[in-house]
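To keep things clear, I will list the structure first and then write my remarks on it.
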Amino acid sequence: MKIYDSHLKEKVEFIPIKEKEVRIYVCGPTVYDDAHLGHARSSISFDLLRRTLECLGYKVTFVKNFTDIDDKIIKKMNETKKSLKEITEYYIKRYLEDMDALNVKRADIEPKATQSLEAMFEIIQILLDKGYAYKLPNGDIYFDVSKDEEYCKLSNKCQDDEVVHRVEIEGKKNPADFALWKACKGESDVCFDSPFGKGRPGWHIECSAMIKKHIAYDGEYEIDIHGGGADLFFPHHENEEAQSHCAYGGHLAKYWMHNGFVQINGEKMSKSLGNSFFIKDALKHYSGEVLRFYLMSTHYRAPLNFSEEDLIASKKRLDKLYRLKKRIYGVSKKQQDKSFEENLLNAMSDDLNISKALAVVDEFIKDANENLDKNPKDKILKQKIVSNIEFINKLLGVGGSDAYEYFQAGIDEETKKKIEELIAKRSEAKKEKNFELADKIRDELKEMGISIQDTPNGTKWERV
Numbered sequence: 001m002k003i004y005d006s007h008l009k010e011k012v013e014f015i016p017i018k019e020k021e022v023r024i025y026v027c028g029p030t031v032y033d034d035a036h037l038g039h040a041r042s043s044i045s046f047d048l049l050r051r052t053l054e055c056l057g058y059k060v061t062f063v064k065n066f067t068d069i070d071d072k073i074i075k076k077m078n079e080t081k082k083s084l085k086e087i088t089e090y091y092i093k094r095y096l097e098d099m100d101a102l103n104v105k106r107a108d109i110e111p112k113a114t115q116s117l118e119a120m121f122e123i124i125q126i127l128l129d130k131g132y133a134y135k136l137p138n139g140d141i142y143f144d145v146s147k148d149e150e151y152c153k154l155s156n157k158c159q160d161d162e163v164v165h166r167v168e169i170e171g172k173k174n175p176a177d178f179a180l181w182k183a184c185k186g187e188s189d190v191c192f193d194s195p196f197g198k199g200r201p202g203w204h205i206e207c208s209a210m211i212k213k214h215i216a217y218d219g220e221y222e223i224d225i226h227g228g229g230a231d232l233f234f235p236h237h238e239n240e241e242a243q244s245h246c247a248y249g250g251h252l253a254k255y256w257m258h259n260g261f262v263q264i265n266g267e268k269m270s271k272s273l274g275n276s277f278f279i280k281d282a283l284k285h286y287s288g289e290v291l292r293f294y295l296m297s298t299h300y301r302a303p304l305n306f307s308e309e310d311l312i313a314s315k316k317r318l319d320k321l322y323r324l325k326k327r328i329y330g331v332s333k334k335q336q337d338k339s340f341e342e343n344l345l346n347a348m349s350d351d352l353n354i355s356k357a358l359a360v361v362d363e364f365i366k367d368a369n370e371n372l373d374k375n376p377k378d379k380i381l382k383q384k385i386v387s388n389i390e391f392i393n394k395l396l397g398v399g400g401s402d403a404y405e406y407f408q409a410g411i412d413e414e415t416k417k418k419i420e421e422l423i424a425k426r427s428e429a430k431k432e433k434n435f436e437l438a439d440k441i442r443d444e445l446k447e448m449g450i451s452i453q454d455t456p457n458g459t460k461w462e463r464v
């Protein structure tokens with residue numbers, strides 16, 4: 001498999017640290033609000049990476065953390081008068097529900113920052129002992145970037161003075177020095193006991209500690225792949241790498257991967273720009289599967305300019321897969337099509353080349369429909385189609401829904417109940433040979449925007 005290494009800025013052959021084993025760490029959300037489309041894009045991108053590696057036969061250990069202590073969380077606590085636990089547990093639950101809707105596989109390990117403090121204390125103490133960190137009179141502990149000859153060699157972004165600029169703190173040795181530990185600042189602060197005094201961790205130390213605690217190898221590299229959004233490469237990942245290799249030697253990750261931004265109206269989506277689009281809002285109008293298909297249809301490294309018109313066009317493309325699935329509805333036996341699976345997997349093995357992969361899927365749908373038109377009773381053909389759709393779902397995470405339920409998305413439960421009642425009433429009318437009533441009910445459903453189809457498995461319906 002080939003992947004694009006953000007550090008080398010080129011596509012390279014992926015060679016794991018241990019044969020047929022991959023350890024991946026992806027930076028998760030800071031849990032103070034609902035997840036937005038940027039979170040969805042990142043999660044889907046690395047879900048595709050994980051699925052591809054698993055289909056290639058690798059044993060994947062996938063870790064995604066939750067930052068559950070942060071300035072934004074403390075601000076939310078002060079605004080809502082709720083506890084840290086109440087806020088973070090609520091938004092973790094919401095985040096996981098959104099990821100489930102998008103068919104993003106749960107991480108094997110989901111560590112929280114507040115549950116990893118001992119691991120952070122260990123790294124901070126090592127950095128203090130080695131002279132890479134210093135303590136200010138107010139109790140804050142900072143990493144001294146001037147002591148690390150490798151600093152900025154990961155991202156190569158430190159040449160930009162504006163990027164390097166940090167909040168000025170009295171006593172800091174260098175503008176780019178970053179906090180490892182923040183001393184308690186008063187009653188409104190959230191503080192934990194530590195060997196350095198009461199306080200809380202800096203953001204960057206969290207991920208280094210959780211990697212060390214949960215999945216690190218001993219050797220030249222601690223993990224195979226570290227991933228996240230492009231905005232995390234500097235300073236977050238640069239700082240993680242610095243504190244980790246200064247504490248333990250070697251490097252934090254062998255490969256670094258980053259997904260592109262989601263943009264709305266050409267601007268990077270962010271809270272500060274006021275254009276954050278929550279996943280929960282998108283799910284009110286479109287199924288999670290449709291949203292997933294749209295967000296993954298642009299290569300993970302490219303920026304995605306969110307457009308509802310493009311989303312609708314993307315749904316029509318996915319509709320074709322489900323219309324094919326309807327044609328073989330009820331076929332349960334599978335017949336493996338190795339050629340198709342190899343073609344699809346080869347596309348994804350080229351740095352998750354989703355355009356090429358979806359072209360393979362489109363060609364499969366076209367050929368399958370043509371062959372079904374010619375040979376509508378070909379059992380082997382139908383069994384291969386079933387197998388191929390299952391493999392699409394396994395690798396890409398789409399195509400796994402019921403073919404009819406897919407076309408029912410956007411209908412509320414009350415309306416669904418009414419539709420089912422009308423269909424049951426129509427079935428009774430047909431049994432009683434009251435075809436006039438049956439036709440009247442069909443027309444009533446049609447006026448509601450509902451199309452029905454009588455199949456050997458009963459009457460099925462979909463939203464037109």
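Numbering (full-length UniProt numbering), first residue to last: 1 to 464. Backbone N, C-alpha and C fix where the C-beta goes; we use that ideal spot for every residue, glycine too. Here the structure is a predicted model, which means the values were calculated and not measured.
According to DSSP, residues forming a beta bridge with residue i
i, result
"residue 476", "No information on residue 476 is available, as it lies outside the stretch 1 to 464 that the chain covers here."
"Lys-11", "Tyr-4"
"Ile-223", "Ala-253"
"Ala-179", "Tyr-142"
"Ile-109", "Val-63"
"Val-22", "Val-60"
"Asp-350", "Lys-2"
"Gly-199", "Ala-183, Phe-192"
"Ala-133", "Phe-143"
"His-245", "Answer by DSSP bridge pairing: none, since His-245 is not bridged."
Where residue i falls: helix, strand or coil (DSSP)
i, result
"Asp-443", "helix"
"Gln-263", "strand"
"Leu-304", "strand"
"Gly-228", "strand"
"Thr-298", "coil"
"Met-448", "coil"
"Tyr-90", "helix"
"Lys-268", "strand"
"His-285", "coil"
"Phe-278", "strand"
Span separating the alpha-carbon of residue i from that of residue j
i, j, result
"Gly-57", "Gly-397", "17 Å"
"Ala-113", "Asn-156", "28 Å"
"Asp-144", "Thr-61", "33 Å"
"Ala-302", "Leu-352", "12 Å"
"Lys-2", "Ser-208", "26 Å"
"Met-348", "Lys-280", "29 Å"
"Asp-310", "Ser-387", "29 Å"
"Asp-439", "Glu-421", "15 Å"
"Leu-127", "Ser-244", "9 Å"
"Tyr-4", "Val-12", "6 Å"
"Gly-219", "Gly-250", "7 Å"
"Leu-232", "Asn-305", "19 Å"
"Arg-94", "Ala-40", "13 Å"
"Ile-124", "Asp-71", "20 Å"
"Asp-454", "Phe-234", "58 Å"
"Asp-177", "Ala-253", "22 Å"
"Tyr-406", "Glu-462", "8 Å"
"Lys-81", "Ser-188", "11 Å"
"Gly-139", "Ser-194", "11 Å"
"Glu-341", "Ser-355", "16 Å"
"Phe-364", "Ile-328", "14 Å"
Test: residue i CB closer than 8 Å to a CB of chain D
i, result
"Gly-57", "The structure shown contains no chain D; it is built from a single protein chain."
Whether residue i touches residue j by CB criterion (8 Å)
i, j, result
"Ile-223", "Ala-216", "yes"
"Ala-35", "Val-63", "no"
"Leu-344", "Phe-391", "yes"
"Lys-325", "Val-290", "no"
"Asn-457", "Gly-330", "yes"
"Gln-383", "Lys-338", "no"
"Arg-50", "Ile-17", "no"
"Leu-154", "His-7", "yes"
"Gly-199", "Leu-180", "no"
"Asp-148", "Ala-242", "yes"
"Phe-277", "Lys-268", "no"
"Phe-259", "Gly-288", "The question names Phe, but residue 259 is Asn in the sequence shown. Taking 8 Å as the Cβ cut-off, Asn-259 and Gly-288 do not qualify as a contacting pair."
"Pro-111", "Met-257", "no"
"Cys-55", "Lys-394", "yes"
"Ile-385", "Ala-368", "yes"
"Leu-137", "Gly-171", "The residue you asked about is not Leu; residue 137 is Pro in the sequence shown. Yes; because the gap between Cβ atoms is below 8 Å, this pair is in contact."
"Ile-87", "Met-99", "no"
Residue i: CB within 7 Å of a non-hydrogen atom of the ligand FMN
i, result
"Lys-425", "With respect to small molecules bound, the structure shown includes none, and the ligand FMN cannot be examined in it."
Cβ-based neighbour list, residue i, same chain, cut-off 7 Å, excluding 5 preceding and 5 following
i, result
"Val-104", "Ser-43, Ile-44, Asp-47"
Contacts around residue i, its chain only, beta-carbon distance under 8 Å, and the 5 residues preceding and following it disregarded
i, result
"Ile-380", "Gln-335"
"Leu-96", "Arg-106"
"Asn-371", "Asp-378, Leu-381"
Close-in-space but distant-in-sequence residues of the same chain around residue i (CB under 6 Å, 5 per side omitted)
i, result
"Leu-53", "Val-22, Val-60"
"Ala-429", "Leu-437, Ala-438"
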